[in-house]
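Take a look at the structure:
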């Protein structure tokens, strides 16, 4: 109880520190970001390209985390850090904080489900944006199995196995592990996917 109260009192300080880090990251990396943006105007709308551009930069992951919170404010509330991102996979890390906890001194079930949706969503959207056709999708169902209490640093991983060539329903899976490598939760996120040829012509 005392730790929770202390965390709540210190939370504004942590948020201020995060804001200072973000501003510092933007100031340090602004020339490189602008140069890359001039060379490739599609940078802001392509998650994989954006990640590959920012990840090697000092505090680049902080900028990417902030951009996620702009695109998806609810997912951004996790303040999760994207560790890896490819056209078919994603790894995200989330640290236990007071505002993500339940009354049982562990991460809230909804926070874990949110993390499942985030990691699968980044993998899926990265796949869509890398696809030769125009692919769109929307989440239609979320299912989460909770294996044990989630405490400390949680790492979420998602890998997409099936190719998409036509309109379909696909289930993206996420596995969440704690710091000792034990599975704390597993998620299944169902996507309704539409495929069109580039230029807007729908695939028959």
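In my numbering, the protein residues as written are 155 to 358. Note that CB positions come from ideal geometry on N, CA and C, so glycine has one too. None of these values were measured; they are calculated from a predicted model.
| Query | Result |
| --- | --- |
| Under the assumption that residue 330 contacts residue 310 (Cβ atoms under 8 Å), give the Cβ distance between them as a whole number of angstroms. | 5 Å |
| Looking only at its chain, what residues have a beta carbon closer than 7 Å to the beta carbon of residue 237, apart from the 5 residues adjacent to it on each side? | 245, 246 and 247 |
| Assuming the contact rule is C-beta atoms closer than 8 Å, residue 343 and residue 274 should be a hit. Round their C-beta distance to whole Å, please. | 5 Å |
| Just verifying my parser: in three-state terms, what is the DSSP assignment at residue 260? | coil |
| Quick one: what's residue 337 bridged to in DSSP? | 331 |
| Which residues in the same chain have their Cβ closer than 8 Å to the Cβ of residue 250, if we skip the five residues on either side of it in sequence? | 260, 261, 304, 305, 306, 307 and 308 |
| According to DSSP, is residue 183 helix, strand or coil? | helix |
| I'd like the ranges of any alpha helix (DSSP H) spanning at least 4 consecutive residues and lying wholly in the segment 256-322. | 263-284 |
| Output the boundary residues of the alpha helix (DSSP H) element that contains residue 243. | Not the alpha helix (DSSP H): residue 243 falls in the beta strand (DSSP E), residues 243-249. |
| For residue 315, is the classification buried or exposed, using 16 other Cβ atoms within 10 angstroms of its Cβ as the cut-off for buried? | exposed |
| Leaving aside the five residues before and after residue 286 along the sequence, list all residues of the same chain whose C-beta is less than 8 Å from its C-beta, in chain order. | 352 |
| Find out if the Cβ-Cβ distance for the pair residue 114, residue 172 is shorter than 9 Å. | It is not possible to answer for residue 114, since the shown part of the chain is limited to 155 through 358. |
| Which value, in whole angstroms, describes the spacing of the CA atoms of residue 220 and residue 230? | 7 Å |
| Can you list the alpha helix (DSSP H) stretches of 4 or more residues lying completely in the segment 184-235, in chain order? | 201-208, 214-225 and 227-230 |
| Between which residues of its own chain and residue 191 is the CB-CB distance below 7 Å, once the five residues before and five after are set aside? | 197 |
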